[in-house]
Amino acid sequence: MSAQLSPLTATSFKRLTIKIGSALLVDGETGQLRKVWLESLAADIAALKANGIEVLIVSSGAISLGRRILGLTAESLSLDQSQAAASVGQIALSQAYRDALGAHDVVTGQILVTPNITEQRRHFLNARTTINTLLDMGAVPIINENDSVATSEIRYGDNDRLSARVATMIEADGLILFSDIDGLYTAPPHLDPTAKHLPLIDKITPAIEAMAGGAASHLSRGGMVTKVEAAKMAVNAGTAMVICKGHALHPLKALFEGGKHSYFVPSDTPRAARKNWIMASLPTGRVFIDQGALKALRSGRSLLPIGVTKVDGNFQRGDAVAIFDPANAEVARGLASFDGVDAQRIVGRRSQDVLEILGPVSRTELVHRDNLVLTGIELEGQTQ
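Quick note on the working numbering: the sequence shown kicks off at 3 and runs consecutively.
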């Protein structure tokens, strides 16, 4: 890989987002909070703040803590039980962070999010303003998905991607994902003894994505798959991302003193804020295109219905959709100009046909170029 790896230090970042999983905060056998570990992390964060670094935490742990408090012993909870456990656990989690950081005179604030908060533009801007205000006032915002109301249909499902979403939302220059593994390997190291650790990833290629494993991998859902997906979000927005082990005491101190990690290099030309938001939005529909439409997108043009071969999903006008080429590879994301029902009615049709089928409309493009971001291809003769 071509980029040079510079040692990370306590002043490598000015605004840092840290993702903390349940396994770090909660003892897997007892269900108790790992209080000593959290206190060591708080000391690390206080040291960063003393150097003028702004810190935001995206934390799991509410359901795990709430399960113990409510006496729920089952490993697999029903939706109702999970939501109840999250409701109880969120209080315990926020108190734990308040006490640990408060011992260093650091104020905390809690923000619970669901996908609509970061996917709908107005909510996105409101959430960003709140977080930025807390950071400006010297507080450490604690972010978590609102599992007390979230369902399988309306949730992120993992805090890797949520942390990347939040990091790009507040334009953090660094994102640290604490994990049970010290970075990305060429293959799952516990399955392949010849797997090599990758300390530096300067570009996320299909080969890099393949190293993370497929949907059936032992590392999927909250594992390496979602971490690489989070890295794609982060680096495209100009945010560097680090994967490192976090189980030992003082994990930030260990990282900045030379701890083993994988560093994902941020883009030199991050997308504009609106396109960052589109790129990181969770698609509610899928649009499949032909070779002619693919060429049009490469040249910076809008997506017209005539180049669309198929539309899936129950999306509304303005929702994010993922766009796939003839080989079924995702090549773009954009905001739909029509809802899913109308989009299906105009698949493969010319612009003049759209007016006859739908009547007077403000535009005939399925996705206008101003609302479209390429994910897997380069614009010809220009950059994104």
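Glycine is no exception: its CB is placed at the ideal position from the N, C-alpha and C atoms.
Check, Outcome
"For P143, the residue or residues it bridges with in DSSP", "G111"
"C-alpha gap between I203 and S264, whole angstroms", "7 Å"
"Where A334 sits in the DSSP three-state scheme", "strand"
"Same chain only: Cβ atoms within 8 Å of R365, ignoring 5 sequence neighbours per side", "S339"
"For K234 and A189, the rounded distance between their alpha carbons", "19 Å"
"R17 - DSSP class collapsed to helix/strand/coil", "strand"
"Touch test, the stretch 33-52 against the stretch 293-306, Cβ-Cβ under 8 Å, three pairs minimum", "no"
"Boundaries (first-last residue) of the beta strand (DSSP E) holding S181", "G176 to S181"
"Helix, strand or coil at T311 according to DSSP, with G and I counted as helix", "strand"
"Span of the alpha helix (DSSP H), counted from its first residue to its last, around G342", "G342 to R347"
"As assigned by DSSP and simplified to three states, the class of R319", "coil"
"As assigned by DSSP and simplified to three states, the class of S96", "helix"
"Residues near R371 by beta carbon distance below 7 Å, same chain, minus five either side", "G302, R303 and S304"
"Inter-residue spacing [alpha-carbon to alpha-carbon] between Y99 and L193", "36 Å"
"Whole-angstrom C-beta distance between D162 and T228, which should lie under 8 Å", "4 Å"
"Endpoints, beta strand (DSSP E) assigned at G287", "G287 to I291"
"Proximity of V267 and A239 at Cβ, strictly below 8 Å", "no"
"Whole-angstrom distance between L114 and L72, CA atom to CA atom", "21 Å"
"Length at least 4, wholly inside the stretch 28-93: the alpha helix (DSSP H) runs in chain order", "37-52 and 64-72"
"7 Å Cβ shell around F15 - same chain, five flanking residues per side excluded", "I55, D175 and G176"
"Boundaries of the alpha helix (DSSP H) in which K198 is found, first to last residue", "Per DSSP, K198 belongs to no alpha helix (DSSP H) and is neither H nor E."
"Three-state class that DSSP yields for H263 in the structure shown", "strand"
"I65 burial status per 10 Å Cβ neighbour count (16 or more: buried)", "buried"
"Contact under 8 Å by Cβ, L306 with G320", "no"
"Heavy atom of the ligand SAH within 7 Å of I145 beta-carbon", "For the structure depicted, the ligand SAH is absent and the ligand set is empty, with no information on it obtainable."
"For L360, three-class secondary structure by DSSP", "helix"
"Cutoff 7 Å; reference L376; Cβ partners in own chain excluding five residues on either side", "L299, V333, A334 and Q386"
"D138 classed as buried or exposed, judged by whether at least 16 other C-beta atoms fall within 10 angstroms", "exposed"
"Residue range of the unbroken alpha helix (DSSP H) whose run includes K234", "M226 to N238"
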